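**Student:** Chains as they are written, first to last, in our numbering: chain A, 14 to 262; chain B, 8 to 447.
1. Between which residues of its own chain and residue 361(B) is the CB-CB distance below 8 Å, once the five residues before and five after are set aside?
2. Out of curiosity, what's the CA-to-CA distance linking residue 250(B) and residue 194(B)?
3. Indicate whether at least one CB of chain A lies closer than 9 Å to the CB of residue 359(B).
4. Which residues in the same chain have their Cβ closer than 8 Å to the Cβ of residue 107(A), if we skip the five residues on either side of it in sequence?
5. Express the C-alpha separation of residue 57(A) and residue 150(B) in angstroms, rounding to a whole number.
6. On the premise that residue 345(B) lies in contact with residue 314(B), defined as a C-beta separation below 8 Å, what is that separation, rounded to the nearest angstrom?
7. Just checking my contact of residue 271(B) with residue 238(B) at CB under 8 Å: how many whole Å lie between their CB atoms?
8. Looking at the structure shown, is residue 152(A) part of a helix, part of a strand, or coil, going by DSSP?
9. Evaluate residue 191(A) with the Cβ neighbour count: other Cβ atoms within 10 Å of its Cβ, from every protein chain shown; 16 or more gives buried, anything less gives exposed.
10. Quick check on the burial criterion: 16 or more other C-beta atoms within 10 angstroms. Buried or exposed for residue 25(B)?
11. Round the Cβ separation of residue 69(A) and residue 24(A) to the nearest angstrom and send it over; I've been treating them as touching at under 8 Å.
12. Using a Cβ-Cβ cut-off of less than 9 Å, give me the residues of the segment 391-422 of chain B that come near chain A, in sequence order.
13. Would a check of beta-carbon distances place residue 75(A) closer than 9 Å to chain C?
14. Closer than 9 Å, CB to CB, is residue 445(B) near chain A or not?
15. Count the other CB atoms, across all protein chains shown, that sit within 10 Å of the CB of residue 245(A); report buried if there are 16 or more and exposed otherwise.
16. Evaluate residue 318(B) with the Cβ neighbour count: other Cβ atoms within 10 Å of its Cβ, from every protein chain shown; 16 or more gives buried, anything less gives exposed.
17. Could you work out which residue in 308(B), 158(B) and 299(B) is closest to residue 325(B) when comparing CA atoms only?
18. Can you tell me whether residue 443(B) is helix, strand or coil according to DSSP?
19. Using only the alpha-carbon positions, how far apart do residue 260(A) and residue 237(A) sit?
20. What's the C-alpha gap between residue 410(B) and residue 418(B)?
21. List, in chain order, every chain B residue whose beta-carbon is nearer than 7 Å to that of residue 63(A).
22. Cα-Cα, which of 334(B), 101(B), 342(B) and 23(B) is closest to residue 455(B)?
23. When you compare the CB positions of residue 81(A) and residue 72(A), do they come within less than 9 Å of one another, or not?
24. Helix, strand or coil for residue 250(A), going by three-state DSSP, please let me know.
25. Below 8 Å on the Cβ atoms is my contact criterion, and I expect residue 369(B) with residue 350(B) to pass it. Report the Cβ-Cβ distance as a whole number of Å.
26. Compute the Euclidean distance between the alpha carbons of residue 182(A) and residue 169(A), then round it to the nearest angstrom.
27. Using the DSSP secondary-structure output, state which residues sit across from residue 67(A) in a beta bridge.
28. Using the Cα positions of residue 276(B) and residue 305(B), report the straight-line distance between them to the nearest angstrom.
29. State the Cα-Cα distance for the pair residue 91(B) and residue 236(B), rounded to the nearest angstrom.
30. On the DSSP letters alone, give me the boundaries of the beta strand (DSSP E) that residue 106(A) sits inside.
31. Rounded to a whole number of angstroms, what is the C-alpha to C-alpha distance between residue 107(B) and residue 434(B)?
32. Are any of the Cβ atoms in chain A nearer than 9 Å to that of residue 389(B)?
33. Which of helix, strand or coil does DSSP assign to residue 334(B)?
34. Per the contact definition of three or more C-beta pairs closer than 8 Å, is the segment 162-170 of chain B in contact with the segment 118-128 of chain B?
35. Can you tell me where the beta strand (DSSP E) holding residue 265(B) begins and where it ends?
36. Give every residue of the same chain whose Cβ lies closer than 7 Å to the Cβ of residue 174(B), excluding the five residues on either side of it in the sequence, and list them in chain order.
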């Protein structure tokens, strides 16, 4: 589903991704772990097409299509989703309206019929029952005044609603207490399916106790230096990044 | 600063083109009206067009006035009003600068008395015309005295004591088929003690309208009167507009006002509130959305003249392309106006690299125990928010529009509730069209 080959990318003229290579198949969950400054969040933004994150070499293939030149909304319509580490507060824009507009924009781009408000509401009810999200949050402005946990739940709710083929979770565990972490992980696990792939970017092993990855990659200085099974995450937790990095050299 | 010979020559040529020189004024049956007009015209000629070295005219492009010809009361007899533009009754309609009895429909509106200025000028009650005698300082010239000298059209509205008018009254100005007309309109709205009214003003001109319109409205709110006043300006791109509203509030009067502007080459708007009665309350919201080559030049002035009055001013400016939005917000709290509570917020968005915003809040306080707050910002759409919306699938233009709408929505808060916004929807400029449940 996702093939990243020797990807180089710069932010503000500084190279952050330095030959990043990864292959992710449908139905799989890959975790990317790495220390601060490894380029994990940059990877998420580059994959999502954020302006200012410039691909200078290599390629990103999504289901065989090179997406490096596509706008964020075009990638979304293809089925890519980024759960933000810091979901953005947008005062004045109603959350439900935002969700419906987003879903319909994607459906329209794919040539599918748009959902009217009744059909959309039905879908929302159905997805709400899966995820422990307060109904009230839907009527407020997008993420505005939400607690850290509410923001992350809102991200996962969007994931459930938009049903992407590939979900990139950028440090979704950061700032969550244990109950919120479990709820978010349950939401993600519910979304796991043979057609969907996950790229879980995280700093700590903790999240992987609840979302079991098929493959764990260690990212240091803009590229992957080691890959393995879930046991690699445990090794990292025990020994730290430095020892793995030293072993890789 | 005395006017230069060139400034006076330009004013003289401007008046020539409209056949509006001394001796050409339409004679009035009332000697006092005649004298006011002659004095006012002399003042306009003496002052000339203001130089942009004057602070209050610094950012307003007045050159088109000096180099163009306008035709007084130009009308195209062949053009019929586009009825689809008309809101429902009760409504008062002006077509190409003239009161249209044909399209005005008040039906049954007990408690509201309406008279056109043309009728008032022809009646035998001189007292009804006293408001034309208002003197303006040279600093306020030349557009106010020009209005005094040349306005033959307008509307006088009286809302009787304790009358509560449930339906909104629409006041409609439509220009079409008279590309270089000049119009001078003078209005008076009296909301007597305890009365309640919602007034919705529509200023509409069709493409190709490059005319000039000079409007002046006197608004008086009696004790405990409540006025909700919406002004929607959607003029053609080449149109020149000079509007002034002077409102005086008595004790416990409540004036909620919403100004929406989206068109015109130059739209100058002076909005003055005098809080003369205790506990008078003004809430004024504004959305200035300038595109293309428009310049919007708004000067807001609130004078606290009695104790415990309050004002809340929330204005939002958006400038795209090469447009300019100029905003001046002055709050003056006079000696003795203790307990005043004044708040001014002016935020602006620059949407294009060549767009320009100028904002200047000004507070003058001569009283004790007052609360006064003001804030002005100029910024751009938030990149992070834009990316967030796009990453969820919203195309860039749609994401920008949504964020812009969320930006200005604050100006409506507390003035226009959902029911009023829904009712206004058909008459709002397309740029302000929002989805039913789109904004919080």
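Every residue gets a Cβ at the ideal spot worked out from N, C-alpha and C, and that includes glycine. Computed from a predicted structure; not experimentally measured.
**Tutor:** If we stick to the structure as given:
1. 328 and 329
2. 11 Å
3. no
4. 152, 153, 154 and 155
5. 58 Å
6. 5 Å
7. Actually they are not in contact, since the Cβ atoms of residue 271(B) and residue 238(B) sit about 13 Å apart, beyond 8 Å.
8. helix
9. exposed
10. buried
11. Actually they are not in contact, since the Cβ atoms of residue 69(A) and residue 24(A) sit about 11 Å apart, beyond 8 Å.
12. 391, 392, 393, 394, 395, 396, 397, 398, 399, 400, 401, 402, 403, 405, 406, 409, 410, 412, 413, 414, 415, 416 and 417
13. Of the protein chains in the structure, A and B, none is chain C.
14. Per-residue confidence for residue 445(B) stands at a pLDDT of 48, beneath the threshold of 50, marking its modelled position as unreliable; the derived number appears in the next sentence. Chain A, which has a Cβ nearer than 9 Å to the Cβ of residue 445(B), makes this yes.
15. buried
16. buried
17. 299(B)
18. Per-residue confidence for residue 443(B) stands at a pLDDT of 42, beneath the threshold of 50, marking its modelled position as unreliable; the derived number appears in the next sentence. Residue 443(B) falls in the coil class under three-state DSSP.
19. 13 Å
20. 14 Å
21. 394
22. The first residue shown for chain B is 8 and the last is 447, placing residue 455(B) beyond what the model contains.
23. yes
24. helix
25. Not quite, the Cβ-Cβ distance comes to about 14 Å (not below 8 Å), so this is no contact.
26. 9 Å
27. 23(A)
28. 5 Å
29. 23 Å
30. 103-107
31. 20 Å
32. yes
33. strand
34. yes
35. 261-268
36. 97
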